[in-house]
Amino acid sequence: MEELFAPLRVGKMTLPNRLVMAPMTRSRSVDRSVNALTADYYAQRAGAGLIITEGTQPSVIGQGYIDTPGLHSAEQAEDWRRVTDAVHAAGGRIFVQLMHSGRVGHSSLYPDGALPVAPSPIATGGQMYTPDGMVDHPVPREMTLEDIAQTVEDFVSAAKHAVDAGFDGVELHGANGYLIHQFLADGSNQRTDVYGGSVENRVRFADEVARAVSDAIGPERVGIRISPGSTSEGISESDPAELYRTLIRTLAPYNLAYVHIMEFGHRAVTELVRAEWPGTLILNPHKTGTEAYVSPEIALEVLQDDLADAVSLGSLWLANPDLQRRIRVGGPFNSPDAATFYGGDHRGYTDYPMLDV
Ligand SMILES: Cc1cc2nc3c(=O)[nH]c(=O)nc-3n(C[C@H](O)[C@H](O)[C@H](O)COP(=O)(O)O)c2cc1C
Numbered sequence: 012m013e014e015l016f017a018p019l020r021v022g023k024m025t026l027p028n029r030l031v032m033a034p035m036t037r038s039r040s041v042d043r044s045v046n047a048l049t050a051d052y053y054a055q056r057a058g059a060g061l062i063i064t065e066g067t068q069p070s071v072i073g074q075g076y077i078d079t080p081g082l083h084s085a086e087q088a089e090d091w092r093r094v095t096d097a098v099h100a101a102g103g104r105i106f107v108q109l110m111h112s113g114r115v116g117h118s119s120l121y122p123d124g125a126l127p128v129a130p131s132p133i134a135t136g137g138q139m140y141t142p143d144g145m146v147d148h149p150v151p152r153e154m155t156l157e158d159i160a161q162t163v164e165d166f167v168s169a170a171k172h173a174v175d176a177g178f179d180g181v182e183l184h185g186a187n188g189y190l191i192h193q194f195l196a197d198g199s200n201q202r203t204d205v206y207g208g209s210v211e212n213r214v215r216f217a218d219e220v221a222r223a224v225s226d227a228i229g230p231e232r233v234g235i236r237i238s239p240g241s242t243s244e245g246i247s248e249s250d251p252a253e254l255y256r257t258l259i260r261t262l263a264p265y266n267l268a269y270v271h272i273m274e275f276g277h278r279a280v281t282e283l284v285r286a287e288w289p290g291t292l293i294l295n296p297h298k299t300g301t302e303a304y305v306s307p308e309i310a311l312e313v314l315q316d317d318l319a320d321a322v323s324l325g326s327l328w329l330a331n332p333d334l335q336r337r338i339r340v341g342g343p344f345n346s347p348d349a350a351t352f353y354g355g356d357h358r359g360y361t362d363y364p365m366l367d368v
């Protein structure tokens with residue numbers, strides 16, 4: 012397992028190991044803000060090479076799920092400061108995942124009852140949980156050019172709040188069927204202007220966000236997550252290899268901190284990104300066997316095969332606050348309890364036991 016514990020330079024940070032904590036929504040925010048419990052949760056996991064937080068909306072309309080936190084106000088940044096201070100005091104490093112969910116949303120989430128927005132007025136075909144039970148995702152409102160420019164600005168403003176809050180950087184959520192991905196994929200993007208049609212046009216929004224945020228806070232503080240070939244939230248891509256080759260070639264000159272792939276079985280596209288991307292690659296590998304989640308063995312294989320520079324694990328970090336130590340000594344590992352993934356209190360959040368030492 013030694014490969015997992017080799018230090019890695021990412022941006023201006025040196026990670027002490029290659030075990031990244033994958034972003035995980037936990038829906039425990041109050042009034043769209045984090046609190047002391049959030050700080051405990053992340054500080055417990057400061058032994059990760061890098062923590063990437065739960066998806067955090069850069070604007071009110073960017074929210075996609077109940078009780079997720081935002082970074083669209085100075086007050087929210089102040090609340091996040093407790094989290095970053097606690098993680099840094101415990102010796103860790105932490106990026107915030109900026110997640111605009113686009114059409115994956117519902118009027119009940121927004122104070123003015125607005126419709127969610129997206130590149131094109133096409134619904135996901137799926138449903139979401141609201142206080143009134145499960146409801147269909149609505150047909151979103153098609154974004155105007157002004158909306159698009161404003162959304163780029165919202166990402167920039169959230170990234171500046173992230174720096175004010177003490178984060179080491181931001182991860183742009185370009186994966187899993189949310190707004191940036193909705194622009195990339197031709198199933199959800201049927202625009203006829205400069206943001207739709209050709210692959211170059213569909214990459215434009217991701218490019219503008221990445222460039223504007225890098226200009227604002229420095230490229231070494233910006234990562235991006237992608238999920239080539241994913242079908243999450245009704246997404247469909249007719250051309251994953253061409254799409255991600257173009258995206259990666261577009262982003263390559265910017266010297267971003269990293270690209271983070273959530274792999275959906277398209278190993279050839281992962282290899283293509285690895286070959287084309289000059290910087291750090293973090294991989295959340297697809298599970299081919301019977302594993303429910305990424306195991307230490309799968310993580311090790313990724314590094315031994317030189318598929319990526321670091322591996323992100325979700326469920327195991329959720330359930331094992333001292334995961335790096337447990338991997339070092341060969342376990343045992345707590346099992347994640349799916350019943351407490353989303354919402355609730357400290358149970359299934361900050362009460363997973365550490366190993367006795
Ligand atoms: C409870 C939960 C919440 C998640 N929320 C997010 C999220 O906010 N953003 C994101 O990019 N991925 C999210 N994911 C996906 C994880 O980052 C990760 O890719 C996935 O869990 C697979 O890794 P694993 O097999 O190690 O769990 C979530 C996963 C879980 C289990």
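Going letter by letter, the sequence shown gives residues 12 to 368 in this note's numbering. Note that beta-carbon positions come from the ideal geometry of N, C-alpha and C, so glycine has one too.
field: Span of the beta strand (DSSP E) around S168
entry: Note, S168: premise wrong, no beta strand (DSSP E); alpha helix (DSSP H) at 156–175.
field: Per-residue burial, T79 [other beta carbons within 10 Å of its own, 16 or more giving buried]
entry: buried
message: Could you check if T36 belongs to the surroundings of ligand 1, using beta carbon to heavy atom distance under 7 Å?
response: Flag set: Cβ of T36 near ligand 1.
message: Just list the residues that DSSP pairs H271 with in beta bridges.
response: According to DSSP, residue pairing for H271 in a beta bridge involves R236, I293.
- prompt: Grouping DSSP H, G and I as helix and E and B as strand, with all else coil, what is A100?
  reply: helix
message: Tell me which residue opens and which closes the alpha helix (DSSP H) that V340 is part of.
response: 334–340
message: Suppose you measure from the CA of N8 to the CA of G60; what does that come to, to the nearest Å?
response: There is simply no residue 8 to check, as the chain begins at 12 and stops at 368 in what is shown.
- request: Enumerate in chain order the residues of its own chain whose CB-to-CB distance from V146 is below 7 Å, with the five nearest sequence positions on each side excluded.
  value: H117, Q138, M139
- prompt: Do L258 and A310 come within 8 Å of each other at the CB atom, strictly closer than that value?
  reply: no
message: Based on DSSP bridge pairs, tell me the residues matched to D147.
response: Q138
query: Among G136, T95, G103, which has the Cα closest to the Cα of R114?
result: For the residues G136, T95, G103, the minimum Cα distance to R114 belongs to G136.
field: Residues that Q108 bridges to, as DSSP identifies them
entry: G66, E182
query: Mapping DSSP to helix, strand and coil, what is T36?
result: Looking at T36 - three-state DSSP - the assignment turns out to be coil, as it is neither helix nor strand.
CA-to-CA distance, V31 to L8, given in whole angstroms: Because the chain is modelled from 12 through 368, residue 8 falls outside the range shown and cannot be assessed.
message: Residues in the same chain with beta-carbon distance under 8 Å from R213, minus the five sequence neighbours each way, listed in chain order, please.
response: F194, L195, A196, D197, N200, Y206, G207, L254
message: Taking the beta carbon of E274 as the centre, do at least 16 other beta carbons fall within 10 Å, making it buried, or is it exposed?
response: buried
- prompt: What are the start and end residues of each continuous beta strand (DSSP E) run of 3 or more residues lying completely inside the segment 188–257, in chain order?
  reply: Listed in chain order, they are 233–237.
query: Helix, strand or coil: how does DSSP classify R29 here?
result: coil
query: Exposed or buried, T155, counting other C-beta atoms within 10 Å across all chains shown (16 or more means buried)?
result: Exposed: under 16 other Cβ atoms inside 10 Å.
field: C-alpha gap between S209 and V280, whole angstroms
entry: If you take the alpha carbons of S209 and V280, they lie about 19 Å apart.
query: By DSSP, does V305 sit in helix, in strand, or in coil?
result: coil
Beta bridge counterpart(s) of S323 as assigned by DSSP: V31
- prompt: Do H277 and I293 have their C-beta atoms within less than 8 Å of each other?
  reply: Contact flag unset, no.
message: For V224 and A170, which I take to be in contact (beta-carbon distance under 8 Å), what is that distance rounded to the nearest angstrom?
response: 5 Å
message: Measuring alpha carbon to alpha carbon, tell me which residue in M365, I191, L318, D362 is nearest G73.
response: I191
- request: In angstroms with no decimal places, state the Cα-to-Cα distance between V163 and V220.
  value: 5 Å
message: As a quick exercise: from S84, R56, S119, pick the residue whose alpha carbon is nearest that of G144.
response: S119
message: Using a Cβ-Cβ cutoff of less than 8 Å, which residues in the same chain neighbour A85 once the five nearest sequence positions on both sides are dropped?
response: H172, D175
message: If we define contact as Cβ-Cβ less than 8 Å, is L190 a contact residue for chain C?
response: No chain C is present in this structure, which holds just one protein chain.
message: Looking at G180: is its Cβ nearer than 8 Å to the Cβ of G22?
response: yes
query: Going by other Cβ atoms of all chains shown within 10 Å of its Cβ, with 16 needed for buried, is S346 buried or exposed?
result: S346 is exposed by the Cβ-count criterion.
task: Rounded to whole angstroms, what's the CA-CA distance from G102 to I235? Just pull it up for me.
output: 24 Å
- prompt: So L283 is in the alpha helix (DSSP H); what residue range does that whole segment cover?
  reply: 278–287
query: What are the start and end residues of the beta strand (DSSP E) that includes L19?
result: Note, L19: beta strand (DSSP E), 19–21.
Residues near L348 in its chain [Cβ-Cβ closer than 6 Å; skip 5 each side]: Correcting the residue identity first, residue 348 is Asp in this sequence and not Leu. For D348, where only same-chain residues beyond five positions count, the Cβ hits under 6 Å are G359.
message: So, with DSSP's three-state summary, where would you put S131?
response: Here S131 sits in coil by DSSP.
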